[in-house]
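Student:
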Amino acid sequence: MKADAAAVRALARKPRAEIRLYLIFGTDDGGNAALAATIAESFGKGIERTDLDGSQLSRDPSLLAAEAASMSLFGDTRYIRVTTTGEESLPAVESLLAATKTINPVIMLASGISEKSRIAKAALAASNALAVQTKLPGPDDMARIVAELGREAGLTIEPDLAHVIAGFTAADRRLAAQEIEKLSLYLDSSPAEPKAVTREAITALRADAEDDAMQPIISAALSGDLKRLPEELKRMREQAVSEVGLVIVMQKQVMQLAAAAQRMGNARDIAGWVKQETQSRRLWGGGSQQDWTRQLRAWGRPQQMARLIERLLMLQQTMMRATPGPALLLEQELLEIARVAARAS
Numbered sequence: 001m002k003a004d005a006a007a008v009r010a011l012a013r014k015p016r017a018e019i020r021l022y023l024i025f026g027t028d029d030g031g032n033a034a035l036a037a038t039i040a041e042s043f044g045k046g047i048e049r050t051d052l053d054g055s056q057l058s059r060d061p062s063l064l065a066a067e068a069a070s071m072s073l074f075g076d077t078r079y080i081r082v083t084t085t086g087e088e089s090l091p092a093v094e095s096l097l098a099a100t101k102t103i104n105p106v107i108m109l110a111s112g113i114s115e116k117s118r119i120a121k122a123a124l125a126a127s128n129a130l131a132v133q134t135k136l137p138g139p140d141d142m143a144r145i146v147a148e149l150g151r152e153a154g155l156t157i158e159p160d161l162a163h164v165i166a167g168f169t170a171a172d173r174r175l176a177a178q179e180i181e182k183l184s185l186y187l188d189s190s191p192a193e194p195k196a197v198t199r200e201a202i203t204a205l206r207a208d209a210e211d212d213a214m215q216p217i218i219s220a221a222l223s224g225d226l227k228r229l230p231e232e233l234k235r236m237r238e239q240a241v242s243e244v245g246l247v248i249v250m251q252k253q254v255m256q257l258a259a260a261a262q263r264m265g266n267a268r269d270i271a272g273w274v275k276q277e278t279q280s281r282r283l284w285g286g287g288s289q290q291d292w293t294r295q296l297r298a299w300g301r302p303q304q305m306a307r308l309i310e311r312l313l314m315l316q317q318t319m320m321r322a323t324p325g326p327a328l329l330l331e332q333e334l335l336e337i338a339r340v341a342a343r344a345s
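Under the UniProt record's numbering, the residues of the sequence shown are numbered 1 to 345, in order.
(1) Given a threshold of 16 other Cβ atoms within 10 Å of its Cβ, counted over all protein chains shown, does residue 333 qualify as buried or as exposed?
(2) Note down, one range per segment and in chain order, each alpha helix (DSSP H) of at least 4 residues found wholly within the region 162-219.
(3) Find the nearest neighbour of residue 311 within the set 288, 282, 247 and 279, judged by alpha-carbon distance.
(4) Let me know the alpha helix (DSSP H) ranges lying completely inside the region 114-149, each 4 residues or longer, listed in chain order.
(5) Can residue 186 and residue 201 be called in contact, C-beta distance under 7 Å?
(6) In three-state DSSP terms, what is residue 272?
(7) To the nearest angstrom, how far is it from the Cα of residue 230 to the Cα of residue 306?
(8) Comparing C-alpha positions only, which one of 18, 39 and 141 sits nearest to residue 9?
(9) Okay, do the region 140-160 and the region 180-198 touch, 3+ Cβ pairs below 8 Å being the bar?
(10) Based on DSSP bridge pairs, tell me the residues matched to residue 3.
(11) Is the beta carbon of residue 29 sitting closer than 7 Å to the one on residue 255?
(12) Can you give, in chain order, each stretch of the beta strand (DSSP E) that sits fully within the region 5-47 and has at least 3 residues?
(13) State yes or no: is the C-beta of residue 24 within less than 7 Å of the C-beta of residue 32?
(14) Under 8 Å by Cβ, that's how I've got residue 216 and residue 232 pegged, so tell me the actual separation to the nearest angstrom.
(15) Please state whether DSSP places residue 313 in a helix, a strand or coil.
(16) With burial defined as no fewer than 16 other Cβ atoms inside 10 Å of the residue's Cβ, what is the status of residue 138: buried or exposed?
(17) Do you know offhand how far residue 166's Cα is from residue 262's?
(18) Using CA coordinates, which residue listed in 283, 220 and 122 is at the minimum distance from residue 298?
(19) Could you pull the start and end residues of the beta strand (DSSP E) that residue 78 belongs to?
(20) In its own chain, which residues sit with a C-beta less than 6 Å from the C-beta of residue 349, not counting the 5 before and 5 after it?
(21) Residues in the same chain with beta-carbon distance under 8 Å from residue 234, minus the five sequence neighbours each way, listed in chain order, please.
(22) Taking the C-alpha atoms as reference points, what is the distance between residue 112 and residue 71?
(23) Check the C-beta distance from residue 42 over to residue 15 and give it rounded, since I have them as a contact under 8 Å.
(24) Counting pairs of Cβ atoms below 8 Å between the region 43-63 and the region 188-203, do you hit three or more?
(25) From this set, 280, 223, 318 and 264, which residue's C-alpha is nearest residue 292's C-alpha?
(26) Is the beta carbon of residue 278 closer than 7 Å to that of residue 290?
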């Protein structure tokens, strides 16, 4: 069944036992995580959680249904959280939906799929599943979210400053919430004693200075700028930029790129569309208008975007296990991504 965020929140207040799969997909990674947390809270405090991922389910498609039907060691119910990137979990989802009996609900986060994917279609067609698609909020929507988060923390944020916070958190609700929390502590605010956010306070606390250093490297790689990338990689080494941190920031940029590609649709004049979106403040970050144009030409199709997202997730996991440091892995991957983008753009 299809649902939106409001329906999920309503269901969280009054759960339905027949729903065995909650599929959350789309480009708003922070929104996906927030919805998953809301659903998990509806299962009750202290409930046990089992984590699975797409690679496990692709190797053993029966695992998900088996876990959903099994009791915990002490006989308590639990819920299962699955993180997947593409269609590798489809057989597991089909087995789960067709199972005779399940007792443990499943929350599946699948940021790399679209409503046209087979997993989404299976969940949308099933009466015992709920599918929610999110979209990365635009600048104005994100500014309203920032202002609302501020009100909850006892902060008054003027619209222009809400746009500033929305911009440097790249429309990621979790990052925005972290910035609001820091501002609240810095200004000693509370709902009982609200404080006004100032530009000086934002400047004092901004934690994205390193993100700013990373952006030219990311833009060069995603744009396929093979002339610019070697110089950016040299600068990365000289400034000792966090390699894993760069991949995480790059993932946020790709999610923003995916949202832009979805809005763009089949527009033929990509450069004209980018210019219009930039002037309307619906695009920010990600480099110049030329960078955005090249990136959308290279990665604008859903299949290419899904492969890029999956590749970055795998890169992050590999780099976190790499010994010694992951710098060489990162440089090799950035060069390969740039070569693919150069051929496509």
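Note that the Cβ used here is the ideal one computed from N, Cα and C, for glycine as well.
Tutor: Answer, in terms of the structure:
(1) Against the sequence shown, residue 333 aligns to sequence position 333. With 16 or more other Cβ atoms within 10 Å, it is buried.
(2) 173-187 and 199-205
(3) Against the sequence shown, residue 311 aligns to sequence position 311. Looking at the Cα atoms, 247 is the closest of the given residues.
(4) 118-125
(5) Counted from its first residue, the sequence shown places residue 186 at position 186. Counted from its first residue, the sequence shown places residue 201 at position 201. In this structure, residue 201 lies closer than 7 Å to residue 186 by Cβ.
(6) Position 272 of the sequence shown, counting from 1, holds the residue named residue 272. Note: residue 272 maps to helix in three-state DSSP.
(7) In the sequence shown, counting from the first residue as 1, residue 230 sits at position 230. In the sequence shown, counting from the first residue as 1, residue 306 sits at position 306. Taking the straight line from one Cα to the other gives about 26 Å.
(8) Locating residue 9 in the sequence shown gives position 9, where the first residue counts as 1. Considering only alpha carbons, the answer is 39.
(9) yes
(10) As a first step, residue 3 must be located in the sequence shown, where it is residue number 3. DSSP, once it has assigned bridges, lists 132 as partnering residue 3.
(11) Within the sequence shown, residue 29 is the residue found at index 29, counting from 1. Within the sequence shown, residue 255 is the residue found at index 255, counting from 1. For residue 29 and residue 255, yes; Cβs fall inside 7 Å.
(12) 21-26
(13) In the sequence shown, residue 24 corresponds to position 24, counting from 1. In the sequence shown, residue 32 corresponds to position 32, counting from 1. A contact, by the Cβ cut-off of 7 Å.
(14) Indexing the sequence shown from 1 puts residue 216 at position 216. Indexing the sequence shown from 1 puts residue 232 at position 232. Between residue 232 and residue 216 the Cβ distance is about 5 Å, and since that is below 8 Å, they are a contact.
(15) Within the sequence shown, the letter at position 313 stands for residue 313. Three-state result, residue 313: helix.
(16) By one-based count along the sequence shown, residue 138 stands at place 138. By the neighbour-count rule (16 or more Cβ atoms within 10 Å), residue 138 is buried.
(17) In the sequence shown, the residue the question calls residue 166 occupies position 166. In the sequence shown, the residue the question calls residue 262 occupies position 262. When rounded, the distance between both Cα atoms is 20 Å.
(18) Residue mapping note: residue 298 aligns to position 298 of the sequence shown, counting from 1. Comparing Cα positions, the closest option is 220.
(19) To locate residue 78, count along the sequence shown from 1; it is residue 78. Residue 78 -> beta strand (DSSP E) spans 78-83.
(20) What the structure shows of the chain is the stretch from 1 to 345, and residue 349 is not part of that stretch, so it cannot be assessed.
(21) Counting from 1 along the sequence shown, the entry for residue 234 is found at position 234. Once the five neighbours on either side are set aside, residue 234 has no close Cβ partner at all.
(22) What you label residue 112 is simply residue 112 of the sequence shown in a count that begins at 1. What you label residue 71 is simply residue 71 of the sequence shown in a count that begins at 1. Cα to Cα, residue 112 sits roughly 31 Å from residue 71.
(23) As a position in the sequence shown, residue 42 is number 42, starting the count at 1. As a position in the sequence shown, residue 15 is number 15, starting the count at 1. Right, their Cβ atoms sit about 5 Å apart.
(24) no
(25) Position 292 of the sequence shown, counted from the first residue, corresponds to residue 292. The candidate whose alpha carbon is nearest that of residue 292 is 223.
(26) For the purposes of this step, residue 290 is taken as residue 290 along the sequence shown, with counting starting at 1. For the purposes of this step, residue 278 is taken as residue 278 along the sequence shown, with counting starting at 1. Taking 7 Å as the Cβ cut-off, residue 290 and residue 278 do not qualify as a contacting pair.
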